[in-house]
């Protein structure tokens, strides 16, 4: 597998890889992995730009419980939250130190399930991650265990990594595990278990091959990895599950190391466009002039200057229908402004938006990446 074939990659690191059973960080292992990441980021992807990397890292609870002296075994929710609060600064200090040796900035991003379910919070998180990646920063993401409740938490960082992959439109999700891929049964208990190198469709039979967590440190298992791969699969993102205890798993992957590839059948952009076109109800209408209609069909974004009328009440990030002057729907898109602000800026140039609204917004009312034109 050639990693530079992918523009944007999300790498998930589990607690059982990053820390030992006593909660001490495996510093040498992380140094080698981040060296791989640094070398990967120096290379150009297929779009001619540096490869983007996002890390979803467990380990805060394991590091924190060690510092607080909590007993080995399951923790109560409040103990886990306290351990996370104590361990997260230690985790980020380690990432910051090791990345800065390669002149790379790391940024901490803590997310909860609500951040991925609430539309506005999702958009804010997506925009923040996009800005960090454009600046060459490596976001290091973890679940915000200190505020998440049992009812609203991701429960494991495999599924969090899949949500992050959706947010950044990643093309590849790598789940580093203590097992080298998917097997027909648990290879640690069944000697007849067979490795599955490629999965093109996530069927009930494939899902049934998952099992409970084996590691005493991590909270996930193969069942959560399959669930994560399924989430990524329908977002157009390929998923790799591989054993990560080797200090250079990315190099090993490129050299053909054993892994399971869940092969998505579309690209992230295709999946996103399909979702916009058929998966969302339009909350309003935007009527454009003939010049704007022509520009949209040429693949351009919709600027406020080309909009003649706004109908309906909608929030930022909601789907709206795009109509031509005859009232015919020519597309759909996710609008960058709520209805009230959108009405104030239509007919104006993008350079005038800040003066009209009192804040710097996006130049486009609907960006071309958030639009489907029929």
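In the working numbering, the protein residues as written are -15 to 358. Just so you know, even glycine gets a beta-carbon here, dropped at the ideal spot from N, CA and C.
- Query: Can you give, in chain order, each stretch of the beta strand (DSSP E) that sits fully within the region 259 to 345 and has at least 3 residues?
  - Reply: The qualifying runs are 269 to 272, 291 to 295, 303 to 307, 313 to 318.
- Query: Which residues bound the beta strand (DSSP E) around residue -1?
  - Reply: It is not in any beta strand (DSSP E) - residue -1 instead sits in the alpha helix (DSSP H) that spans -1 to 2.
- List the endpoints of the continuous alpha helix (DSSP H) containing residue 210. Counting along the chain, the alpha helix (DSSP H) containing residue 210 begins and ends at 206 to 217.
- On the three-state DSSP scale, how would you describe residue 193? In the three-state DSSP reduction, residue 193 falls in the coil class, being neither helix nor strand.
- Do three or more CB pairs link the region 320 to 330 to the region 290 to 307 at distances below 8 angstroms? With the rule of 3 Cβ pairs closer than 8 angstroms, the region 320 to 330 counts as touching the region 290 to 307.
- Which residues in the same chain as residue 288 place their Cβ atom closer than 6 angstroms to its Cβ, once the five residues preceding and following it in sequence are excluded? Here residue 288 has 329, 330, 332, 349 as same chain residues with Cβ atoms under 6 angstroms from its own Cβ, once five neighbours each way along the sequence are excluded.
- Item | DSSP three-state assignment for residue 17, whether helix, strand or coil | Of the three classes helix, strand and coil, the one that applies to residue 17 here is helix, per DSSP.
- Message: Is it buried or exposed, residue -7, if we count other Cβ atoms within 10 angstroms and call 16 or more buried?
- Response: Flag for residue -7 reads buried.
- Task: Have a look at residue 267 and residue 164 and give me their C-alpha separation to the nearest angstrom.
- Result: Cα to Cα, residue 267 sits roughly 46 angstroms from residue 164.
- DSSP puts residue 167 in a beta bridge; with which residues? DSSP, once it has assigned bridges, lists 179 as partnering residue 167.
- Task: Quick one: using the 10 Å Cβ neighbour count with 16 as the cut-off for buried, is residue 209 buried or exposed?
- Result: That one is buried.
- Three-pair Cβ contact test at 8 angstroms for the region 61 to 74 versus the region 27 to 39: No, the region 61 to 74 does not touch the region 27 to 39.
- Out of 94, 86, 237, 215, which has the shortest C-alpha to C-alpha gap to residue 68? Looking at the Cα atoms, 94 is the closest of the given residues.
- Message: At 3 residues or longer, what runs of the beta strand (DSSP E) sit wholly inside the region 214 to 245?
- Response: Complete beta strand (DSSP E) runs here, min 3: 222 to 227.
- Item | Supposed contact pair residue 315 and residue 358 - C-beta distance, whole angstroms, cut 8 angstroms | Contact between residue 358 and residue 315 holds: CB atoms are separated by about 6 angstroms, below the 8 angstroms threshold.
- Report, in whole angstroms, the separation of the C-beta atoms of residue -12 and residue 46, which I expect to be a contact under 8 angstroms. Residue -12 to residue 46, Cβ: 33 angstroms. No contact.
- Residues bridged to residue 93 (per DSSP): Residue 93 pairs with 125.
- Query: Which word fits residue 271, buried or exposed, when buried means at least 16 other C-beta atoms lie within 10 angstroms of its C-beta?
  - Reply: That one is buried.
- Item | Whether residue 294 touches residue 326 by CB criterion (7 angstroms) | Judged by their CB atoms, residue 294 and residue 326 are nearer to each other than the 7 angstroms cut-off.
- Near residue 356, what residues of its chain come up, given a Cβ to Cβ distance below 6 angstroms and the 5 sequence neighbours on each side ignored? For residue 356, where only same-chain residues beyond five positions count, the Cβ hits under 6 angstroms are 257, 260, 261, 315, 316.
- Query: Under the three-state reduction of DSSP, which class applies to residue 198: helix, strand or coil?
  - Reply: Bear in mind that the predicted position of residue 198 carries a pLDDT of just 42, short of 50, making it unreliable; the figure below should be weighed with that in mind. Note: residue 198 maps to coil in three-state DSSP.
- Message: So, for residue 339: in the same chain, excluding its five sequence neighbours on each side, which residues have a beta-carbon less than 6 angstroms away from its beta-carbon?
- Response: Same-chain partners within the cutoff: there are none.
- Item | Any 3 or more C-beta pairs closer than 8 angstroms across the region 227 to 243 and the region 8 to 25 | The region 227 to 243 makes contact with the region 8 to 25; the number of CB pairs closer than 8 angstroms reaches 3 or more.
- Is the beta carbon of residue 318 sitting closer than 7 angstroms to the one on residue 347? Residue 318 places its beta carbon 7 angstroms or farther from that of residue 347.
- Please name the residue or residues paired with residue 359 in a DSSP beta bridge. The chain is shown only over -15 to 358; residue 359 falls outside these bounds and no answer can be derived.
- Item | residue 250 and residue 220 closer than 7 angstroms at C-beta | Yes, the Cβ-Cβ distance between residue 250 and residue 220 is below 7 angstroms.
- Message: Here's the rule: buried if 16 or more other CB atoms are within 10 angstroms of the residue's CB, otherwise exposed. What is residue 229?
- Response: Around the beta-carbon of residue 229, fewer than 16 other beta-carbon atoms lie within 10 Å, marking it exposed.
- Query: Exposed or buried, which one is residue -9 when buried takes at least 16 other CB atoms within 10 Å?
  - Reply: So residue -9 ends up on the buried side.
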